[in-house]
Amino acid sequence: MPKILRSKEMNKCLGCFTCMNVCAAINRKNHSLVKSAIRVRTTGGMSSDFIAVVCLGCLEPACMEVCPSHALERRQGGGVVLVSEKCIGCRLCEQNCIMGAVIFDEETQKPIICHHCGACSRYCPHDCLQMMEAEEVLAYVK
Amino acid sequence: MLNEKFIRVMYIDLETEKIRIEQRADLMPYLGGVGVASKLFLENLKPELDPLDEQQPIVFAIGAGSYIYPVLTKTVAMFVSPLTGELGESYAAGRLSMALTMAGYDAIVITGKAKKHSYLSISTNNVAVRDARAMWGLTVNETGRTIRDRESYLGHAAGKRSIVTIGPAGEKGVAYASATVDTYRHFGRMGLGACMGSKNLKAISVYGNRSIPILSHKQYLKVYQQIYKKCTTTDNMAKYHDAGTPINVIPLNKAGGLPTMNLHSGTFGPADKISGEAFAQKNLVRKMSCTGCPVGCIHIGMYRREFDKGHEYEAISVGYDFELIFALGTFLGIGSTDEIIALINEVEEFGLDAMSTGVSLGWATDALEHGFISMEDTVEKLQFGNFDGYMKAIEHLAFGTNLFYRTLGKGSRHASSIYGGEDFAMQIAGVEMAGYHTGYGALVGAAVGARHSHLDNGGYSLDQGADEFDEDTYVEKLFSEEYERCMTNSLIMCLFARKIYDKETILTALNSIGWSLTGDDLTAIGKRIYRTKLQIKKALGFQQRGVKLPKRFFQTPSMNGLLDEDVAAMMIRKYSKKADELLNEGAE
Numbered sequence: 062m063p064k065i066l067r068s069k070e071m072n073k074c075l076g077c078f079t080c081m082n083v084c085a086a087i088n089r090k091n092h093s094l095v096k097s098a099i100r101v102r103t104t105g106g107m108s109s110d111f112i113a114v115v116c117l118g119c120l121e122p123a124c125m126e127v128c129p130s131h132a133l134e135r136r137q138g139g140g141v142v143l144v145s146e147k148c149i150g151c152r153l154c155e156q157n158c159i160m161g162a163v164i165f166d167e168e169t170q171k172p173i174i175c176h177h178c179g180a181c182s183r184y185c186p187h188d189c190l191q192m193m194e195a196e197e198v199l200a201y202v203k
Numbered sequence: 004m005l006n007e008k009f010i011r012v013m014y015i016d017l018e019t020e021k022i023r024i025e026q027r028a029d030l031m032p033y034l035g036g037v038g039v040a041s042k043l044f045l046e047n048l049k050p051e052l053d054p055l056d057e058q059q060p061i062v063f064a065i066g067a068g069s070y071i072y073p074v075l076t077k078t079v080a081m082f083v084s085p086l087t088g089e090l091g092e093s094y095a096a097g098r099l100s101m102a103l104t105m106a107g108y109d110a111i112v113i114t115g116k117a118k119k120h121s122y123l124s125i126s127t128n129n130v131a132v133r134d135a136r137a138m139w140g141l142t143v144n145e146t147g148r149t150i151r152d153r154e155s156y157l158g159h160a161a162g163k164r165s166i167v168t169i170g171p172a173g174e175k176g177v178a179y180a181s182a183t184v185d186t187y188r189h190f191g192r193m194g195l196g197a198c199m200g201s202k203n204l205k206a207i208s209v210y211g212n213r214s215i216p217i218l219s220h221k222q223y224l225k226v227y228q229q230i231y232k233k234c235t236t237t238d239n240m241a242k243y244h245d246a247g248t249p250i251n252v253i254p255l256n257k258a259g260g261l262p263t264m265n266l267h268s269g270t271f272g273p274a275d276k277i278s279g280e281a282f283a284q285k286n287l288v289r290k291m292s293c294t295g296c297p298v299g300c301i302h303i304g305m306y307r308r309e310f311d312k313g314h315e316y317e318a319i320s321v322g323y324d325f326e327l328i329f330a331l332g333t334f335l336g337i338g339s340t341d342e343i344i345a346l347i348n349e350v351e352e353f354g355l356d357a358m359s360t361g362v363s364l365g366w367a368t369d370a371l372e373h374g375f376i377s378m379e380d381t382v383e384k385l386q387f388g389n390f391d392g393y394m395k396a397i398e399h400l401a402f403g404t405n406l407f408y409r410t411l412g413k414g415s416r417h418a419s420s421i422y423g424g425e426d427f428a429m430q431i432a433g434v435e436m437a438g439y440h441t442g443y444g445a446l447v448g449a450a451v452g453a454r455h456s457h458l459d460n461g462g463y464s465l466d467q468g469a470d471e472f473d474e475d476t477y478v479e480k481l482f483s484e485e486y487e488r489c490m491t492n493s494l495i496m497c498l499f500a501r502k503i504y505d506k507e508t509i510l511t512a513l514n515s516i517g518w519s520l521t522g523d524d525l526t527a528i529g530k531r532i533y534r535t536k537l538q539i540k541k542a543l544g545f546q547q548r549g550v551k552l553p554k555r556f557f558q559t560p561s562m563n564g565l566l567d568e569d570v571a572a573m574m575i576r577k578y579s580k581k582a583d584e585l586l587n588e589g590a591e
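Here it is as structure tokens:
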């Protein structure tokens, strides 16, 4: 069954950025944090809370709806898949994602779309991130 | 530089506001980190000038594996220490090595003095000296907040930025003023804060967003995974995450090696009240990591302070560690976790090195009691256990409110040379002692160590190990550990990970990102770097044989019994001979 990434326990986050490091390394073959589909940041300096900005795998993806070239297609279980060759780099998906979870890659001029592979959650040393059954998440959303 | 065969150095002249970039292939034999920093520092050093002269360089460098492998989190800073007058070397992690990697600079050499109070804003495509006049006088946290807001134009900078800040102590030139990195980490020792202050440099903000392709993808991921696993599933690192470094308080106290009340003793009566366990139970509210480290050793402690009558409270929270509990706790006779947190908060806000502050105040307490100084000097009643007195004294120190505090602000060696009481000014070669009165390893190790730190050669763990004490073996081990650490400090590895990164692991890691090194190469690199550091120390007039150790080290029993001054002196001489031999081997 397809799974969806969730960040339910960010209260535990150490701010180690391992999730971002491995996301960029595994999915983009790059060391740079700007290549990561998951973004961990503070809400106002190191003494504030850590939050994770992640794709929530919408059933009605705003990013897909605004895409003028149909480069984003529905992913089974929620969220979208990028068909890179169809993307014109207009950044509308980035601007319209309600969670701010679409990151635009300035180098490739294409969005970085989370495909819920779960690498970030596998490497999270403090169990902040979970891969949940899409059905389970779906039931909750409905 | 990652994926390249050169080290990318940025030279910044604060006076002219000009920068220069050099891509130096000739620095590759120094690997990175402290190796590169040492070479650059030696090249730019002005031995004839005062430590705080504006022409003196401050060098920052990241290591050969910075941020891309777990726990290689540190950035090194090198400067002429206003505390010792010789090599200043300090390490901090936080997010700095990540930000510098992402920005694309392996090393930064800062010289000159900004025309007005300024901060440096460094990013991938820009370097600017910005106005910080209004920030002069602000505490470390106020400055951090201000710069975060000022630099918010960088867009998605949050999470990819690092800020180095000094407090009032650095502005005032206190010889052990620290520089804080990202709120909770520090270039703590030897006075980088004062060096930045002398250049009118209040802070440095670094932000990077460049792309760094992975060249050998499969190989890198394999090695990364292996190291990550070792960090998170073996018990090598568990203690650092669990109760953290303060777990040392109880065993060290039991063994009699916990410096207490200006080293009147090696045991502290109420140690259980300020142990790692006590902090965890009463005050621990959060654990954090430096970027790229899955361990999470940063322990944040909080306590509720009543700042006024009528149920007026605030929450004070700081990072706490063993060394701070020693310096601001046992060494000053403070036996309450809340009070220690309050004292830590005070040194944090004003930007002082907690260890030198605590140890200097320990000397002042003794000097007051024995009539070397009076209440006219100290203003406050400095007495072991008197929390209120120490709270106020820290502020006096940071701001240099009278001649006495300005003198004490030059270090306990200097203050005791003026007022007397040198026998109980617990410094080694000018650097206030660390929290280990464990034996010859700690004492001689710090005396001969390049930066006179317990971390130079880990003498304290030698003392706590299973080996019987033997003069020659100890000297041998201190010496080899010193140059081995020169190599690991070129990666730059957090010392907590020294059991994770054995030589084989280091080789696999480096060779997966484009190096082709052998074990012998690593040893040669370590020695090459150590020799460079010895050259720096020689240029600055330091002589190992000249180190005079305060009498009290030999009057208060260590955890390995009473130490003999002659044995320590002999060990220093033997070590010094080895160091001279290395120095005279000449350039390769």
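Protein sequence lines, in the order shown, are assigned to chains R and X. For what it's worth, the working numbering labels the leading residue of the first sequence as 62, then goes sequentially. For what it's worth, the working numbering labels the leading residue of the second sequence as 4, then goes sequentially. Each residue gets a CB set at the ideal place from its N, CA and C atoms; glycine is no exception.
| Item | Value |
| --- | --- |
| Interface flag, T559(X) vs chain R, CB-CB below 8 Å | no |
| I319(X) - partner residues in DSSP beta bridges | Y306(X) |
| Any non-hydrogen atom of the ligand MN closer than 7 Å to E18(X) Cβ | Judged by which ligands are present, the structure shown has none, so any question about the ligand MN falls away. |
| Residue-chain proximity (K96(R), chain X), Cβ-Cβ < 8 Å | yes |
| Contact check, C84(R) vs G140(R), beta carbons under 8 Å | no |
| 8 Å Cβ cutoff, N212(X) in contact with chain R | yes |
| CB contact check: E168(R) to chain X, cutoff 8 Å | yes |
| C-alpha distance - K8(X) paired with H131(R), whole-angstrom precision | 43 Å |
| Three-state secondary structure (DSSP) of M13(X) | strand |
| Inter-residue spacing [alpha-carbon to alpha-carbon] between G176(X) and G88(X) | 13 Å |
| Nearest residue (CA-CA) to I24(X), options P32(X), I111(X) and G38(X) | I111(X) |
| Under the three-state DSSP convention, the category G549(X) falls into | helix |
| Start-to-end residues for the alpha helix (DSSP H) that takes in E194(R) | Looking at the DSSP string, E194(R) is not in any alpha helix (DSSP H); the run it does join, the beta strand (DSSP E), is Q191 to E194. |
| Beta-carbon spacing of F329(X), G438(X) below 8 Å | yes |
| Sequence-distant residues of its chain with Cβ nearer than 6 Å to A590(X) (five each side left out) | Summary for A590(X): the model assigns pLDDT 49, below 50, so the residue's position carries little reliability; its value from the coordinates is reported in the next sentence. Excluding sequence neighbours, A590(X) sits near nothing in its chain. |
| Three-pair Cβ contact test at 8 Å for the segment 189 to 197 of chain X versus the segment 214 to 226 of chain X | no |
| Segment contact flag, the segment 289 to 297 of chain X with the segment 226 to 245 of chain X, C-beta cutoff 8 Å, min 3 pairs | yes |
| Cβ shell of V478(X) (< 8 Å), same chain only, five flanking positions each side left out | V447, M574, K577, Y578 and K581 |
| Same chain only: Cβ atoms within 7 Å of K49(X), ignoring 5 sequence neighbours per side | D56, Q58 and Q59 |
| 8 Å Cβ cutoff met for A106(X) and T78(X) | no |
| Within the segment 15 to 99 of chain X, ranges of the alpha helix (DSSP H) (whole runs, at least 4 residues) | 36 to 47 |
| Distance between beta carbons of V143(X) and E351(X), contact taken as under 8 Å | 6 Å |
| Entirely enclosed alpha helix (DSSP H) segments - the segment 153 to 182 of chain R, minimum 4 residues | 153 to 157 |
| Contact list for the segment 101 to 132 of chain R against chain X, Cβ threshold 9 Å | V101, R102, T103, T104, G105, G106, M107, S108 and F111 |
| Partner residues on chain X for N91(R), Cβ-Cβ distance less than 8 Å | S214, I215, P216 and I217 |
| Classification of K163(X) by the beta-carbon crowding that lies within 10 angstroms, buried from 16 upward | buried |
| G336(X) and G259(X) closer than 8 Å at C-beta | no |
| H455(X) - containing beta strand (DSSP E), residue span | First-last for H455(X): undefined, no H or E at that position. |
| Closer than 8 Å to chain R by CB, S320(X) | yes |
| DSSP three-state assignment for S515(X), whether helix, strand or coil | coil |
| Spatially closest choice to A571(X) from M31(X), F472(X) and L510(X), by CA coordinates | F472(X) |
| Chain-ordered neighbours of T620(X) on chain R, where CB pairs are closer than 7 Å | Chain X is shown from 4 up to 591; residue 620(X) falls before or after that span and cannot be answered. |
| Euclidean distance between Cα positions of T146(X) and E154(X) | 12 Å |
| Partners in chain X for N88(R), counting only beta-carbon separations shorter than 7 Å | Within chain X, no residue comes near N88(R); the closest Cβ sits about 11 Å away, beyond 7 Å. |
| Burial state of S160(R), where buried means 16 or more other Cβ atoms lie within 10 Å | The residue you asked about is not Ser; residue 160(R) is Met in the sequence shown. Classification of M160(R): exposed, given that the 10 Å Cβ count is below 16. |
| Inter-residue spacing [alpha-carbon to alpha-carbon] between C158(R) and I503(X) | 41 Å |
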